[in-house]
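Position one of the sequence shown corresponds to residue 211 (the working numbering), numbered consecutively onward. Backbone N, C-alpha and C fix where the C-beta goes; we use that ideal spot for every residue, glycine too. Here's the structure we're looking at; comments come further down.
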Amino acid sequence: MSTPASRLPKKLAKSSTRSTDPHSLRFSLFLRTIATLATTRLRLSRLLSAPILRSKHKGAGFRTMTSSADVKFTTQIMPLRQSDITFNLSAAPLHPYDSPTLTIRPSETKDALDQASHYLNETTQPVAFPTETVYGLGADARKTESVRSIYAAKKRPADNPLIVHIGSLTQLRHLLRTSPTQNDKDLIPAIYHPLINKFWPGALTIVLPLPKPSPISTLVTAGQSTFAVRLPSHPLALALLLHSDCPLAAPSANASTRPSPTLASHVHTDLGSRIPFILDGGASNVGVESTVVNGLVSPPVVLRPGGVSVEEIKTVGGVWGDVVVHRPGRKDLEGVPQAPGMKYRHYSPSARVVLFENVPVTDIVRILDTPAKENVKNKKVGVMRTRTWSAPGAETALRELGASEVLDRSLGTDGEDISRGLFAVLRELDGEGCDMIFVEGVGEEDEGLAIMNRLRKAASETVVQA
């Protein structure tokens, strides 16, 4: 076995090469060769021992990226104030966010944005930031090592593509332009113009053709010929995007498969010590991720329901009046998904989630009064009510089934309220140590489609009553 040079006796490690004795010269060369081989072997062993987690999904030839070194951060939560920021929007007939500028007054907000921008531009580490949907974990979409750090921090499967966030249409055109002389009007497909005019900035993501060549890292697209992009409406997200002048690849800022974060504290629970900064902008207003649409096919398709409802999209008219909703099938479990949220299990707390669809609270005991009720007996059970379940009714039913403790939470009856509180309450009940969480489902109209999409992915079991 070779011995590293650092472990050789000092006299041997420092043998003189000035000797004219051929035996001495050969011995010196021999020692140097040993040292070189030892160093090479050490480097290879470190490289080969770097952790790579294989996806558990059958047929997925992709890996979950993890950091090659156990980098630990003292994660800082840095509060921001919207009142410290002023936007100067583009004048008509341009879109207001065609080429906006911003002014940030000297403040802790400016210091935080300066520091975050420095990290995004000068390092490969991601930064968590607030958006109107959920908190995002962002890094420069053009730098492969920066994008890799997102996957590593989240332990996210590498075939799950990312959405690029932009602060202006000018930033988007920079990503689409393949030559300096290209006409700006030709860059963004015309089919998306009415959506951009109505919903941007906002919770809508569009799928665009990937230009050739493209400045966007292939890790963002998982090697596909398209990429997804949106212009968020949260002032602090826009401020970060414009101040850093970075298009940010940014999935939700949670550990992969966990409920999405709507507070800075949620991000810290999942990613504390894995990332340097969390920019704290308070609670996310929408509460579920953006809607993803593909207008490059006919008819246009909603790939992932979210903060903009299908009904709202249809009001745009034209081809968007015929938009259809993608329904999951077996093909979604094979190959690379077109958009985030289409392939892997998401939004799941540690507790077992049981989703009840169209089940009155009075029928819970009848439905579960089988050998399966042993799953509830002596368990701490959380209840998430929406439109019809009553508090006494749900608790009475679970007590009758033998639950040791019942934690009741109402999400409200309005779709926007339910969306806003969905992930936060899942996290709260999980944090309270619930063994099971019973959730009352809602209809799929308006916000209901996105709500049920998230709940079905989070659920361990679904109880449906026709």
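DSSP state of residue i mapped onto helix, strand, coil
i, result
"ASP490", "strand"
"THR436", "strand"
"ASN298", "strand"
"PRO538", "coil"
"LYS330", "In the sequence under discussion, the amino acid at residue 330 is Leu, which differs from the Lys named in the question. Three-state result, LEU330: helix."
"THR276", "With a pLDDT of 47 at THR276, under the threshold of 50, the predicted position of this residue should be treated as unreliable, and no value is reported."
"ILE426", "coil"
"LEU263", "The predicted model places LEU263 with a pLDDT of 31, which falls under 50 and marks its position as unreliable, so this point remains unresolved."
"GLU626", "helix"
"ASN393", "coil"
"SER466", "coil"
Residue i burial status per 10 Å Cβ neighbour count (16 or more: buried)
i, result
"VAL496", "buried"
"LEU451", "buried"
"GLU671", "exposed"
"ALA669", "buried"
"SER255", "Reliability fails at SER255, whose pLDDT of 38 lies under 50, so the model's placement of it is uncertain and no value is given."
"GLY528", "exposed"
"GLU650", "buried"
"GLN335", "buried"
"ARG206", "Residue numbering for the chain in the displayed model covers 211 to 676; residue 206 lies beyond these limits and cannot be assessed."
"GLN675", "exposed"
"PRO303", "exposed"
"THR525", "exposed"
"GLY641", "exposed"
"PRO423", "exposed"
"THR709", "The requested residue 709 is not part of the displayed model; the chain covers only 211 to 676."
First and last residue of the uninterrupted alpha helix (DSSP H) at residue i
i, result
"ALA601", "601 to 610"
"ALA364", "Correcting the residue identity first, residue 364 is Lys in this sequence and not Ala. 354 to 364 is the span of the alpha helix (DSSP H), which, as asked, contains LYS364."
"ILE577", "574 to 578"
"ARG619", "Unbroken run through ARG619 is the beta strand (DSSP E), 615 to 620; no alpha helix (DSSP H)."
"HIS478", "474 to 481"
"ALA549", "No alpha helix (DSSP H) holds ALA549; DSSP gives it neither H nor E."
"ILE401", "Here ILE401 belongs to no alpha helix (DSSP H), and DSSP marks it neither H nor E."
"GLU655", "Taken as a continuous stretch (DSSP letters only), GLU655 belongs to no alpha helix (DSSP H), as it is neither H nor E."
Residues bridged to residue i [DSSP beta-bridge criterion]
i, result
"GLN286", "PHE487"
"THR415", "VAL502"
"ALA668", "None; ALA668 has no bridge partner."
"ARG514", "VAL502"
"HIS375", "ARG440 and LEU458"
"MET662", "Answer is none; MET662 lacks a bridge partner."
"VAL529", "According to DSSP, which records beta bridges pairwise, VAL529 is partnered with nothing at all."
"PHE648", "VAL564 and VAL593"
Among the options, the one whose alpha carbon lies nearest that of residue i
i, options, result
"SER317", "ILE295, ALA301 and PRO303", "ILE295"
"GLY631", "LEU513, VAL498 and LYS589", "VAL498"
"LYS587", "ASP656, ARG597, GLY612 and LYS408", "GLY612"
"HIS453", "ALA400, ARG315 and GLY641", "ARG315"
"ASN663", "PRO461, TYR557 and LYS395", "TYR557"
"LEU636", "HIS444, LYS667 and ASP455", "LYS667"
"VAL571", "ALA601, PRO559, ALA493 and ALA549", "ALA601"
"LYS590", "LEU418, GLU605 and LEU299", "GLU605"
"TYR361", "PRO559, ALA459, SER424 and VAL534", "ALA459"
"ILE523", "VAL503, ILE628 and SER508", "VAL503"
"LYS365", "ASP394, THR341 and ASN464", "ASN464"
"VAL337", "THR354, SER359, ASP321 and LYS320", "SER359"
"GLN381", "ASP396, VAL439 and ALA400", "VAL439"
"HIS716", "PRO399, ASP350, SER300 and ASP490", "Lying outside 211 to 676, the shown extent of the chain, residue 716 is not represented and no answer is given."
"VAL564", "ILE647, LEU385, GLY653 and THR391", "ILE647"
"SER300", "HIS478, CYS456, GLN292 and THR311", "THR311"
Residue span of the beta strand (DSSP E) that contains residue i, given as start and end
i, result
"ALA338", "337 to 339"
"VAL673", "671 to 674"
"ALA349", "346 to 350"
"LYS590", "590 to 595"
"ARG562", "562 to 567"
"THR311", "311 to 314"
Residue-chain proximity (residue i, chain B), Cβ-Cβ < 8 angstroms
i, result
"ILE485", "The chain labelled as chain B is not found in the depicted structure, where only one protein chain is given."
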